[in-house]
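Numbering (my numbering), first residue to last: 10 to 231. Just so it is clear, CB atoms sit at the ideal spot from N, CA and C, and this is done for glycine as well. Quick caveat, the model's predicted, so the values are computed rather than measured.
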């Protein structure tokens, strides 16, 4: 092989490596991660009799909270955003995976580009989780965490006070009947002290004022 040809081959190899490196970098920076909390409208940790009575008639609603700590989608940064989805179905969410409907709530600080990107992200990455997104609303969202306690307010529509158990080992596995809707790492269970919701979009409402073992907490990666 001539020296000139050898040089051209080297240039091609270097160019290919640069393309691979660029694609790898794009994939890496597209990773979205943060903390996740899920509140169900049924106890996920309970006795067998309680589970059996609730499974057929209950468990049709859930609130999903993604607190995004870092990541981009379609070259738009989503770091610092809190996304809330309220999901509803005609039957228990474990039974009615094909007829789920949801409303997405975003903080008013989200730009139009971020709003569009979140919609695309959910439809691309989590369509099986949220189902048909019937509305996207900008509402004041306050989500805070203190030690093991969580507090969420979505305008006047949704209120949730919850706390997670100190560890997964604090529960008895044979009494855990559900899995979180989101894929999360080492989910920890918890309970809600206050959980109420009312919005005309989904035509559903609830007000759980008594303690309920209906919480999942963990880390998510998209």
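Query - Beta-carbon gap between residue 54 and residue 180 smaller than 8 Å - result: yes
Query raised in the report: Going by other Cβ atoms of all chains shown within 10 Å of its Cβ, with 16 needed for buried, is residue 222 buried or exposed?
Result: buried
Query raised in the report: Do residue 233 and residue 48 have their CB atoms nearer than 8 Å?
Result: The question about residue 233 has no answer, for the chain in this structure spans 10 to 231.
Query raised in the report: Where does residue 180 fall in DSSP's three states?
Result: coil
Query raised in the report: Is residue 133 helix, strand or coil when you go by DSSP?
Result: helix
**Report entry** Assumed close pair residue 190, residue 138 - CB separation to whole angstroms, cut-off 8 Å
**Finding:** 5 Å
**Report entry** Option nearest residue 183 by Cα separation, candidates 51, 171, 57
**Finding:** 57
Query raised in the report: Which residues bound the beta strand (DSSP E) around residue 47?
Result: 42 to 49
Report task. Check residue 98 in the structure and name its three-state DSSP category. Result -> coil
Query raised in the report: For residue 64, which three-state DSSP category applies?
Result: helix
Report task. Assuming residue 143 contacts residue 110 (C-beta within less than 8 Å), just tell me the rounded distance between them. Result -> 5 Å
Query raised in the report: Going by DSSP, which residues form a beta bridge with residue 204?
Result: 169, 217
Requested in this report: Note down the Cα distance separating residue 128 from residue 169, rounded to an integer number of angstroms.
Outcome: 24 Å
Query raised in the report: Who are residue 229's beta bridge partners in DSSP?
Result: 43, 193
Report task. Could you work out which residue in 66, 130, 188 is closest to residue 101 when comparing CA atoms only? Result -> 66
Requested in this report: Using a threshold of 8 Å, state whether the C-beta atoms of residue 162 and residue 226 are closer than that.
Outcome: no
Report task. Going by DSSP, name the residue or residues bridged to residue 82. Result -> 85
Query raised in the report: Among residues of its own chain, excluding the 5 on either side of residue 34, which ones have a beta-carbon nearer than 7 Å to its beta-carbon?
Result: For residue 34, the predicted model reports a pLDDT of 42, less than 50, meaning its position is unreliable; a value from the coordinates is still stated below. For residue 34, where only same-chain residues beyond five positions count, there are no Cβ hits under 7 Å.
Query - Euclidean distance between Cα positions of residue 112 and residue 96 - result: 7 Å
Query raised in the report: How many angstroms separate the CA atom of residue 175 from the CA atom of residue 199?
Result: 9 Å
Query raised in the report: Grouping DSSP H, G and I as helix and E and B as strand, with all else coil, what is residue 71?
Result: strand
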